[in-house]
Amino acid sequence: AKKQATLGAFFKPK
Amino acid sequence: MFEARLPQGQILKKLIEAVRELVTDANFECKPSGLSLQAMDSSHVSLVSLLMRADGFDPYQCDRNRTLGINLRTLASVLKCSSNDDIITIRAEDDGDSAILIFESPSSDRLSEFDLKLVDIDNEQLVIPDTQYDAVVRMPSAEFQRIVRDMQILGDSVTIACSKDGVKFSANGEIGSGSVRLKQSSAVDSEDDAVTVDLQQAVSLTFALRYLSLFSKAAPLSPTVTLSFSKDVPLLVEFRIADMGHLRFYLAPKIDE
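Chains X and D, in that order, give the protein sequences.
By our numbering, the letter at position 13 of the first sequence is numbered 13, and the numbering carries on one by one without gaps.
By our numbering, the letter at position 204 of the second sequence is numbered 204, and the numbering carries on one by one without gaps.
What follows is the structure, given as structure tokens:
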């Protein structure tokens, strides 16, 4: 099964 | 003072219609170079990034940087009071706590004005790195919208595979499975009708259809859409806004547990 990732795993906060 | 007059007011209407279901409140960043917005949906799975350059407005005046926090549902309701051929002006006084929207009919004989209260929005901004994507697919935006709609009858996820042959969308669900395969166009009458795949290497990723469906609401903005993929990074879905900017959506993939 696949799990939905969130953007925080790829993009850092400014 | 900030004042931006958009002769093609319907661009703003289409933009807000395209993002209002994804994002409730957003900060419009007004700078001398233009207007931008970055906002995530409430689950932080997708992100909207809008850019409208100053030269797309006529005129555009921005003496100092301003942040206008606006509830997009309210803005969408107010924009419904404009006609499609209206010229739309957004104005904000330096010390004001509201944004003023002015709708002007093409013959200038009807002028309506709405004063929208600004809201304080605490919104987390992300740095989006420049990415060399493995595959960039360009297709008619109506085709994208149709495929997303068709895949939704099968399930809530779609796997998109890009190869030298073209791009394949496939979905699996309780009722069965299905796929749509688009080949690269060989000869088309108009560039807007073409499907092109710019491939560095083959890539296959899985995404939630719910978000793609929300992104596809931007189709009226542009005849074509660009999808950019790399292994294990968010998908970039881009609609160009005439000659003045873009509306980009980023979507985190579904990954193996």
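Glycine included, every Cβ here is placed at the ideal spot set by N, Cα and C.
Since the model is a prediction, treat every value here as computed from it, not as a measurement.
C-alpha distance - D/LEU47 paired with X/ALA9, whole-angstrom precision: Residue numbering aside, residue 47 of chain D sits at position 47 when the second sequence is read from its first letter. Residue numbering aside, residue 9 of chain X sits at position 9 when the first sequence is read from its first letter. Those two C-alpha atoms are separated by around 13 Å.
If you run the structure through DSSP and keep just helix, strand and coil, what is D/ILE147? Along the second sequence, read from residue 1 onward, the residue named residue 147 of chain D stands at position 147. Three-state DSSP puts D/ILE147 in a helix.
Could you say if the stretch 14-22 of chain D and the stretch 149-165 of chain D meet the contact criterion of at least three C-beta pairs nearer than 8 Å? Fewer than three Cβ pairs drawn from the stretch 14-22 of chain D and the stretch 149-165 of chain D lie within less than 8 Å of each other, which leaves the two stretches out of contact.
Under 8 Å, with one C-beta from each stretch per pair, do the stretch 213-222 of chain D and the stretch 116-124 of chain D reach the 3-pair mark? No, the stretch 213-222 of chain D does not touch the stretch 116-124 of chain D.
So, with DSSP's three-state summary, where would you put D/VAL195? Against the second sequence, residue 195 of chain D aligns to sequence position 195. Correct three-state label for D/VAL195: coil.
Among residues of its own chain, excluding the 5 on either side of D/LEU37, which ones have a beta-carbon nearer than 6 Å to its beta-carbon? Translated into the one-based positions of the second sequence, residue 37 of chain D becomes position 37. Take D/LEU37, set aside five residues on each side of it, and the residues of its chain with a beta-carbon closer than 6 Å to its own are ALA26, PHE28, LEU50, in chain order.
Do you know how far the Cα of D/GLY9 is from the Cα of D/PRO106? Working through the second sequence from its first residue, we reach residue 106 of chain D at position 106. Working through the second sequence from its first residue, we reach residue 9 of chain D at position 9. Each residue's CA atom was taken as its position, placing D/PRO106 and D/GLY9 some 10 Å apart.
If you measure from the beta carbon of D/MET40 to each beta carbon in chain X, is any gap under 8 Å? For the purposes of this step, residue 40 of chain D is identified with residue 40 of the second sequence, where counting begins at 1. At least one C-beta of chain X is nearer than 8 Å to the C-beta of D/MET40.
Quick test of the definition: if touching needs 3 or more C-beta pairs under 8 Å, does the stretch 222-233 of chain D touch the stretch 132-140 of chain D? Short answer: they touch.
Count the other CB atoms, across all protein chains shown, that sit within 10 Å of the CB of D/SER43; report buried if there are 16 or more and exposed otherwise. Counted from its first residue, the second sequence places residue 43 of chain D at position 43. So D/SER43 counts as exposed.
Does any residue of chain X bring its CB to less than 8 Å from the CB of D/ILE147? Locating residue 147 of chain D in the second sequence gives position 147, counting from the first residue. No - not a single Cβ of chain X is within 8 Å of the one on D/ILE147.
What residues are listed by DSSP as bridge partners for D/CYS62? By one-based count along the second sequence, residue 62 of chain D stands at place 62. According to DSSP, D/CYS62 bridges with D/PHE2.
At a CB-CB cut-off below 8 Å, which residues of chain X make contact with D/VAL237? Locating residue 237 of chain D in the second sequence gives position 237, where the first residue counts as 1. The premise fails here: D/VAL237 is roughly 14 Å from chain X at the closest Cβ pair, so nothing lies under 8 Å.
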